[in-house]
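What follows is a short report on a single structure.
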Amino acid sequence: MKPLPPVKPISLARHGIDRDHLSRGQDGDLQELWASGAKPVFEHRGALLVAAGGLFISDLVMVPGQQTEIYLGRDDEGVRYIGVSLDDSGRSQLDTSLATSRARDATDLLTAPGEGIDSAEPVWLPLRQLAESLDDVQVSLACEIVGLGNWHRAHQFSPRTGRPTRPARGGWVRMDPDNGSEHFPRTDPAVIVLIINTDEAGVERVLLGNNAAWEADRYSLLAGFVEPGETLEHAVIREVFEEAHVEVANPQYLGSQPWPFPCSLMLGFSAEAPSLEFAADKAEIATLTWFTREELRAAIERGTVRAPGLVSIAGQLLYSWLDSI
141 MKPLPPVKPI SLARHGIDRD HLSRGQDGDL QELWASGAKP VFEHRGALLV
191 AAGGLFISDL VMVPGQQTEI YLGRDDEGVR YIGVSLDDSG RSQLDTSLAT
241 SRARDATDLL TAPGEGIDSA EPVWLPLRQL AESLDDVQVS LACEIVGLGN
291 WHRAHQFSPR TGRPTRPARG GWVRMDPDNG SEHFPRTDPA VIVLIINTDE
341 AGVERVLLGN NAAWEADRYS LLAGFVEPGE TLEHAVIREV FEEAHVEVAN
391 PQYLGSQPWP FPCSLMLGFS AEAPSLEFAA DKAEIATLTW FTREELRAAI
441 ERGTVRAPGL VSIAGQLLYS WLDSI
């Protein structure tokens, strides 16, 4: 197998924000940051408010009360940003406020119009749909607020006592006000593997799987979460064997990508398969198929295979291999 280059920092892996942790403070009150001119970035259940080709960031928006506020950091020009993660009531209030200020019907904001992110008016769209359209600063902000919004919604009560917790340290901690215990944002590491077999003639093939929950034409790389007490390399070997009964060797790290759906960090690897033999587990993976570059390109062009898009590290790894000759 020919060595592959590291994954380029595209899509969600791009970075353009100084997280400025020293300005987060000790409590959840961000009034000083608001007063200094910080800009809001709005999130609701993984969707972001966007308009005119980017995140909708406006000084004119009144921030409603049903929300969690998180200090996201500052850009190279010193502009600070606060993520505003809205609950359902807060989303409704914001929609109504925007509609009133722009003489619109609030229901217009519930479904994005055909132009999506390029809409002149603010609309709500999921991060996966936006990632390739946002610049480095905005994709950094988007990943932060979506990941942290997911965490705050899922961790409103202490795992120790069951009591309600409250945001602290600029929204980066949840604290039990009774015993002072602190709880921090969760990130789950997962490996995703480009499995390559090279035959005696030097022809390479990639192994792609169809998840049992997907449509039959959708294929991607094999992936799984890292378990306690194992290295990333061991996770690669274990996951591939569990899902495909293939004993891979020589795992090579190629890059990483945040995947805040809800809280993963995807760690990309290549690995060598000694033969073309496999056995799909039939529980998580329905079918497996080996493809040469020519076979995969032809299947994608015919529409018989839907490969992962470049918004994901799976697509980045796969197309890097496709284009490596």
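Per the working numbering, residue 141 is the first one in the sequence shown, and the count goes up by one each step. In this text, a Cβ means the ideal position worked out from N, Cα and C, and glycines have one as well. In this text, all values refer to a predicted model and were calculated from it rather than measured experimentally.
A residue is called buried when at least 16 other Cβ atoms come within 10 angstroms of its Cβ; H184 meets this threshold and is buried. Pairing I210 with G223 gives a Cβ-Cβ distance under 8 Å. Fewer than three pairs of CB atoms, one per stretch, sit closer than 8 Å, so the segment 370-390 makes no contact with the segment 282-298.
Secondary-structure assignment with DSSP links E322 through a beta bridge to M315. For Y393, the enclosing beta strand (DSSP E) starts and ends at A389 to W399. Separation of V333 and D276 (C-alpha to C-alpha, rounded to the nearest whole angstrom) is 26 Å. Contact between the segment 256-269 and the segment 179-195 is present: three or more C-beta pairs spanning the two stretches fall below 8 Å. A residue is called buried when at least 16 other Cβ atoms come within 10 angstroms of its Cβ; E379 meets this threshold and is buried.
Between the C-alpha atoms of L458 and G156 there is a straight-line separation of about 25 Å. E387 and P180 have their alpha carbons spaced roughly 49 Å apart.
Q269 and V279 have their C-alpha atoms spaced approximately 12 Å apart. Residues of the same chain with a CB within less than 7 Å of the CB of F381, apart from the 5 flanking positions on each side, are E387 in chain order. Annotation for L372: no beta strand (DSSP E) segment contains it, though the alpha helix (DSSP H) segment containing it runs L372 to A384. Taking a 10 Å sphere around the C-beta of H292, we find 16 or more other C-beta atoms and assign the residue as buried.
Here the alpha carbons of C283 and T427 stand approximately 32 Å from one another.
Looking at the backbone, the Cα of P149 and that of A308 are separated by about 31 Å.
DSSP links E344 through a beta bridge to T338. As computed with DSSP, H184 is found in a beta bridge with A187. Between the segment 392-400 and the segment 418-437 there are fewer than three inter-stretch CB-CB distances shorter than 8 Å, so the stretches are not counted as touching.
Where L362 is concerned, the enclosing beta strand (DSSP E) starts and stops at L362 to F365. Between I425 and E383, the C-beta spacing is below 8 Å. Y211 is bridged by DSSP to I222. Relative to the Cα of Y221, the nearest Cα in the group S198, S273, T236 and R154 belongs to S198.
Rounded to whole angstroms, the gap between the alpha carbons of P448 and Q456 is 8 Å. In terms of CA proximity to P143, Q392 leads the group Q392, S415, R306 and L450. Boundaries of the alpha helix (DSSP H) around A282: D276 to A294.
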